[in-house]
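The block underneath contains the structure these notes are about, expressed in structure tokens.
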């Protein structure tokens, strides 16, 4: 019976060590995943900043009518003007509908 308890004690020690290894591995993996997530978030933030800077440049080029001879800029500016015209028409319709609803 004493041998049984010795073996049980040895197995218990081994199980404890293995459990600690598993817990440490899980902790390390969790940290790694957290670090990867943080890096992905930081990358997304920098990409968004770049997009906003590009947008500012584009708005500046459009507002100041620059790069008139560039075909790409010309095409995009034409599309912007078409959209602006449609937007003005839609806003006028909305304003007219709002006036009609107030009169009812």
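In the working numbering, the protein residues as written are 204 to 307. Heads up, the beta-carbon is just placed ideally off N, CA and C, and yes, glycines get one too.
Residue i vs residue j beta-carbon contact at 8 Å
i           : j           : result
residue 270 : residue 276 : yes
residue 280 : residue 266 : no
Coarse secondary structure for residue i, derived from DSSP in three states
i           : result
residue 267 : coil
residue 278 : helix
residue 251 : helix
residue 272 : coil
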